[in-house]
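To start, the structure under review is shown below, and the notes come after it.
Protein chains in written order, with this note's numbering: chain A, 195 to 304; chain B, 16 to 132.
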């Protein structure tokens, strides 16, 4: 079983749509959780951290369910510029490492 | 602040040659640097973790004699791909962490795209 698993992509949505990404992780000792965005041929960039209470940043909402070891990202009112690959990332304190999911590709069409 | 650079941004080399990639923290001291590799349509896979002044810790399945890592100063780490082969063609990304930030915070370089002919 992969340490961090994400929805298979790609997601093709029209502008203005709402899209949700899911992610599960296997290590219950994981402490911190993030969503990163990666554009084609670029490095990943931190989109937002994910907290147990849920957090929102503009059109983006992230949720964490520790009991189910499940993380989600909701994007409302999709923009063309949201087209990218979204990476679910988990921090494992034992090795001090970030573990990346394989990413879900999002393509927002006019 | 917290800028990480990589050089070169892309490189093409012949099979059997060695390639050195530099990772620099420009405005902070990086106590720990990480090297990742990413194949097309796949996730970032951690190759090794290096702490300044000590030997790198390699992930399972990564050949330490093939991927030489040197972290000689608090602002520079290098990855040398020795005797490169076409299967080593990939996107190599470094990241850096400073003692002052949370341990889960890493600053990523822009990546180096290696193509081995």
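All residues carry an ideal CB built from backbone N, CA and C; glycine is no exception.
Here the structure is a predicted model, which is why all the values come from computation and not from measurement.
Apart from the five residues just before and just after residue i, which ones in its own chain have a Cβ nearer than 6 Å to its Cβ?
i, result
"residue 91(B)", "39"
"residue 268(A)", "214, 255"
"residue 238(A)", "230, 232, 281"
"residue 27(B)", "130"
"residue 25(B)", "128"
Are the beta-carbon atoms of residue i and residue j separated by less than 9 Å?
i, j, result
"residue 205(A)", "residue 60(B)", "no"
"residue 110(B)", "residue 124(B)", "yes"
"residue 271(A)", "residue 210(A)", "yes"
"residue 227(A)", "residue 240(A)", "no"
"residue 291(A)", "residue 207(A)", "no"
"residue 33(B)", "residue 101(B)", "no"
"residue 83(B)", "residue 72(B)", "no"
What residues of chain B sit near residue i, judged by a beta carbon separation below 7 Å?
i, result
"residue 290(A)", "118"
"residue 263(A)", "Going along chain B, no residue has its Cβ under 7 Å from residue 263(A), so there is no contact; the nearest lies around 17 Å."
"residue 226(A)", "119"
"residue 297(A)", "58"
What three-state label does DSSP hand residue i in the structure shown?
i, result
"residue 102(B)", "helix"
"residue 233(A)", "coil"
"residue 30(B)", "coil"
"residue 251(A)", "strand"
"residue 59(B)", "coil"
"residue 274(A)", "helix"
"residue 52(B)", "strand"
"residue 288(A)", "coil"
"residue 246(A)", "coil"
"residue 128(B)", "strand"
"residue 82(B)", "strand"
"residue 92(B)", "strand"
"residue 303(A)", "strand"
"residue 240(A)", "strand"
"residue 114(B)", "coil"
"residue 298(A)", "strand"
"residue 221(A)", "coil"
Just to make sure I have the definition right: I need the residues of chain A whose C-beta is within less than 7 Å of the C-beta of residue i. Which are they?
i, result
"residue 123(B)", "237, 238"
Grab me the residues of residue i's own chain with a C-beta within less than 7 Å of its C-beta, minus the 5 sequence neighbours each way, in chain order.
i, result
"residue 113(B)", "43, 44, 45, 46"
"residue 108(B)", "51, 53, 59, 123, 124, 126"
Who are the neighbours of residue i on chain A, taking C-beta pairs under 9 Å?
i, result
"residue 126(B)", "235, 236, 237"
With a threshold of 8 Å on Cβ separation, who are the neighbours of residue i within its own chain once the five nearest residues in sequence on each side are excluded?
i, result
"residue 88(B)", "67"
"residue 223(A)", "286, 287, 288"
"residue 22(B)", "36, 37, 39, 127"
"residue 80(B)", "97"
"residue 301(A)", "204, 205, 206, 207, 277"
Please list the partners that residue i has in chain B, where partner means a Cβ-to-Cβ separation under 9 Å.
i, result
"residue 294(A)", "51, 53, 58, 59, 60, 61"
Under the criterion of a Cβ to heavy atom distance below 8 Å, does residue i qualify as lining the ligand FMN?
i, result
"residue 91(B)", "Looking at this structure, you won't find the ligand FMN or any other ligand, since it has none at all."
Inset, instruction - Can you give me, in chain order, the residues of the segment 234-256 of chain A that have a beta carbon less than 9 Å from any beta carbon in chain B? - result: For the segment 234-256 of chain A, the residues whose beta carbon sits under 9 Å from a beta carbon of chain B are, in order, 235, 236, 237, 238, 239, 240, 243.
Inset, instruction - Note down, in chain order, all residues in the segment 46-60 of chain B with a beta-carbon under 9 Å from any beta-carbon belonging to chain A. - result: 47, 49, 51, 53, 56, 57, 58, 59, 60
Legend entry - Members of the segment 95-110 of chain B near chain A, C-beta cut-off 7 Å: Those residues of the segment 95-110 of chain B that come within reach of chain A (Cβ to Cβ, closer than 7 Å) are 108.
Legend entry - Residues from the segment 270-288 of chain A in contact with chain B, defined by Cβ distance under 8 Å: 281, 285, 287
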